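Visitor: Numbering (my numbering), first residue to last: 125 to 535. For every residue, glycine included, the Cβ atom is placed at its ideal position computed from N, Cα and C. Treat the numbers as computed from the prediction; the structure is a model and nothing was measured.
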Amino acid sequence: MLLLFLDLWEGILIALQALRANKLRFLLTTLGIVIGVMTVITIVALIQGINKSFYDEISSIGTDTLYIQKFAWVNNDQEAWARFRNRKDITMREYDAVVKYATLARAVTPSIYTRVNVKYEDTGISGVLIVGSNDNYIQTNNTGPELGRFITTMDVDYRRNVCVLGAEIAEKLFGREDPVGKRISLANRGFRVVGVLAERGKVFGWNPNVLVVVPIGAFENAFGRRRSVEIQVKVQHADLLDEAQDELTGILRRVRKVAPHKEDDFSINRQSLLMNFYNSLTAGLWALAIGVGSISLLVGGIGIMNIMLVSVTERTREIGVRKAIGAKRRDILWQFLVETMIICSLGVMLGIGAAMGVALLIEKAFSFPVVFSPWIILLGLGFVVTIGLFFGIYPANKAARLSPTEALRYE
Numbered sequence: 125m126l127l128l129f130l131d132l133w134e135g136i137l138i139a140l141q142a143l144r145a146n147k148l149r150f151l152l153t154t155l156g157i158v159i160g161v162m163t164v165i166t167i168v169a170l171i172q173g174i175n176k177s178f179y180d181e182i183s184s185i186g187t188d189t190l191y192i193q194k195f196a197w198v199n200n201d202q203e204a205w206a207r208f209r210n211r212k213d214i215t216m217r218e219y220d221a222v223v224k225y226a227t228l229a230r231a232v233t234p235s236i237y238t239r240v241n242v243k244y245e246d247t248g249i250s251g252v253l254i255v256g257s258n259d260n261y262i263q264t265n266n267t268g269p270e271l272g273r274f275i276t277t278m279d280v281d282y283r284r285n286v287c288v289l290g291a292e293i294a295e296k297l298f299g300r301e302d303p304v305g306k307r308i309s310l311a312n313r314g315f316r317v318v319g320v321l322a323e324r325g326k327v328f329g330w331n332p333n334v335l336v337v338v339p340i341g342a343f344e345n346a347f348g349r350r351r352s353v354e355i356q357v358k359v360q361h362a363d364l365l366d367e368a369q370d371e372l373t374g375i376l377r378r379v380r381k382v383a384p385h386k387e388d389d390f391s392i393n394r395q396s397l398l399m400n401f402y403n404s405l406t407a408g409l410w411a412l413a414i415g416v417g418s419i420s421l422l423v424g425g426i427g428i429m430n431i432m433l434v435s436v437t438e439r440t441r442e443i444g445v446r447k448a449i450g451a452k453r454r455d456i457l458w459q460f461l462v463e464t465m466i467i468c469s470l471g472v473m474l475g476i477g478a479a480m481g482v483a484l485l486i487e488k489a490f491s492f493p494v495v496f497s498p499w500i501i502l503l504g505l506g507f508v509v510t511i512g513l514f515f516g517i518y519p520a521n522k523a524a525r526l527s528p529t530e531a532l533r534y535e
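Next comes the structure, spelled out in structure tokens:
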């Protein structure tokens, strides 16, 4: 065992001496691997960043919430969109039925929407999203008040003109002033502020901090009721989503009098629809990363093989001398294989470092999300082993198989 270790160590020392003697060639050869690894790692880091940003956004939707709506979230069929548009509106009758008959629901929320101008004293904001809902809104939307309180059951039952502001709306209208208890105007109708929602992250470019929530009855009094209702159903447990969806489908078909042979005239949307759609889109990005990376690494690996074959030819006489004084075939094989592995190792390390620099530069310059996972290091080690062995075996084997007599006669 000790003898084997000494042979391996001797091979490493000889390989390092050979590389030190040809520094420029060594660095130029390494450059091909650096570019290949940098390309792959940068693309992977950017894709991972996009993935994290997407999953962070979609997590705010809630994995245990179903959305009963007139339109489906994901559908590229133009005919389907026309069909959705012609569906009957979802009304409070469907909401009442879900509340009464859904056994797997933990919270049910009706929501209706419009956009109006909001004003406080001399400060106004145009086109603000107004949400008419009930006291369960904070459960189905995974939010809550940061200041004051949320609307209550009493507010909803008595159609009180009270409202809860999104964080950005509160900041724009009141600055550092406490908004709780103040009166604001929603399309020239007075509402009293009872709370401010906690700040939340954006979801697909939509900012949930730029809205005002009011009791659904007060919404209907102020802005009318001729609009489709969105029903949000928070299920008792995420594992029950499929059962809950089947249950809701039966309730809605019965209430909306959908004939047995006809398709649903409503959509039940859930987070997984967006996840599946997103994964189908990013499959192309991963294919691009693999394709570009494979080509880059192939070019770098061919460069290494070419240089190692030149090195074997230049050092033929050296190989003959080593064999003449007792070096075995495996010693020569190990020597040249180690040289290849060292070139690959340095190239991969520099490539990972360069990729981190390029990716962080992109993040700073374009506010593009970047994520470096720990498995990137393992990916780098995989590159070392794969490239080193695949492109190093042939030159090393060629050197090991040289005849000592012919090698000594080589000029």
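Is Ile486 near Val494, with beta carbons less than 8 Å apart?
Guide: Taking the C-beta atoms as reference points, Val494 is found nearer than 8 Å to Ile486.
Visitor: Report yes or no: do three or more beta-carbon pairs, one from the stretch 363-371 and one from the stretch 332-341, lie closer than 8 Å?
Guide: no
Visitor: With a Cβ-Cβ cutoff of 8 Å, do Asn258 and Thr238 count as a contact?
Guide: no
Visitor: Ignore the nearest five residues each way along the sequence and tell me which others in Phe460's own chain have a CB closer than 8 Å to its CB.
Guide: The residues are Ala139, Met432, Ser435, Val436, Gly516, Pro519, Ala520, Ala523, Ala524.
Visitor: Leaving out five residues before and five after Thr154 in sequence, what residues of the same chain have Cβ atoms less than 6 Å from its Cβ?
Guide: Hits under 6 Å: Ile467, Leu470, Gly471.
Visitor: Could you tell me whether the stretch 338-356 touches the stretch 295-311, using the rule of 3 or more Cβ pairs below 8 Å?
Guide: Contact between the stretch 338-356 and the stretch 295-311 is present, with at least three C-beta pairs closer than 8 Å.
Visitor: Should the stretch 364-384 be regarded as contacting the stretch 213-229, the criterion being three or more beta carbon pairs within less than 8 Å?
Guide: yes
Visitor: Would you tell me roughly how many angstroms separate the C-alpha atoms of Ser352 and Ser418, rounded to the nearest one?
Guide: Taking the CA atoms as reference points, Ser352 sits about 51 Å from Ser418.
Visitor: If we ignore side chains and look at the alpha-carbon of each, how far apart do Leu152 and Gly427 end up?
Guide: 9 Å
Visitor: Helix, strand or coil for Leu321? Go by DSSP, reduced to three states.
Guide: In the three-state scheme derived from DSSP, where H, G and I count as helix and E and B as strand, Leu321 is classed as strand.
Visitor: Taking the straight line between their C-alpha atoms, what separation do you get for Leu194 and Gln172?
Guide: Position check: residue 194 holds Lys in this sequence, whereas Leu was assumed. Rounded to the nearest angstrom, the two C-alpha atoms are 33 Å apart.
Visitor: In its own chain, which residues sit with a C-beta less than 7 Å from the C-beta of Gly341, not counting the 5 before and 5 after it?
Guide: Here the set comprises Val280, Arg283.
Visitor: Is it buried or exposed, Gly475, if we count other Cβ atoms within 10 angstroms and call 16 or more buried?
Guide: buried
Visitor: Going by DSSP, name the residue or residues bridged to Ser309.
Guide: Lys243, Gly314
Visitor: Counting C-beta neighbours from all protein chains within 10 Å, is the total for Tyr179 16 or more, i.e. buried, or is it exposed?
Guide: exposed
Visitor: Taking 8 Å as the threshold (C-beta atoms), are Asp213 and Lys358 in contact?
Guide: Contact flag unset, no.
Visitor: Contact between the stretch 290-308 and the stretch 268-276 is defined here as three or more beta-carbon pairs at a separation below 8 Å; is this criterion met?
Guide: yes
Visitor: Please state whether DSSP places Lys224 in a helix, a strand or coil.
Guide: helix
Visitor: Note down, in chain order, each residue of its chain lying with its Cβ closer than 7 Å to the Cβ of Arg324, except the 5 sequence neighbours on either side.
Guide: Ser184, Thr267, Pro332, Asn333
Visitor: Classify Gly410 as buried or exposed, calling it buried when 16 or more other Cβ atoms lie within 10 Å of its own Cβ.
Guide: The identity of residue 410 in the sequence shown is Trp, whereas the question assumes Gly. The residue in question, Trp410, is exposed, as its Cβ has fewer than 16 Cβ neighbours within 10 Å.
Visitor: Under 8 Å by Cβ, that's how I've got Val379 and Arg217 pegged, so tell me the actual separation to the nearest angstrom.
Guide: 6 Å
Visitor: According to DSSP, is Arg207 helix, strand or coil?
Guide: Here Arg207 sits in helix by DSSP.
Visitor: Sort out for me which residues DSSP pairs Glu354 with in a bridge.
Guide: Among the bridge pairs identified by DSSP, Glu354 is matched with Ser235.
Visitor: Grouping DSSP H, G and I as helix and E and B as strand, with all else coil, what is Ile165?
Guide: helix
Visitor: Could you give the residue range of the alpha helix (DSSP H) that holds Asn345?
Guide: 340-347
Visitor: Taking all protein chains shown into account, do 16 or more other C-beta atoms lie within 10 angstroms of the C-beta of Trp330, making it buried, or fewer, making it exposed?
Guide: exposed
Visitor: Pull up the distance between the alpha-carbon of Phe401 and that of Gln395, whole angstroms please.
Guide: Roughly 10 Å separates the two Cα atoms.
Visitor: Locate the alpha helix (DSSP H) running through Leu457, then write down its first and last residues.
Guide: 453-490
Visitor: Could you give the C-beta distance for Leu289 and Leu321, rounded to a whole number, given that I count them as a contact under 8 Å?
Guide: 7 Å
Visitor: When you compare only the Cα positions, how much space is there between Asn265 and Ser391?
Guide: 19 Å
Visitor: Need the endpoints of the alpha helix (DSSP H) that Leu365 sits in, please.
Guide: 365-379
Visitor: Measuring straight from C-alpha to C-alpha, what distance separates Gly251 and Ser235?
Guide: 18 Å
Visitor: Which residue marks the beginning of the beta strand (DSSP E) containing Glu292, and which one marks its end?
Guide: Looking at the DSSP string, Glu292 is not in any beta strand (DSSP E); the run it does join, the alpha helix (DSSP H), is 291-298.
Visitor: Secondary structure at Ala411, three-state DSSP: helix, strand or coil?
Guide: DSSP, reduced to helix, strand and coil, places Ala411 within a helical segment of the structure shown.
Visitor: Going by the beta-carbon positions, is the gap between Ile293 and Ile249 smaller than 8 Å?
Guide: yes
Visitor: How far does the alpha helix (DSSP H) with Thr277 in it reach, from first residue to last?
Guide: 277-281
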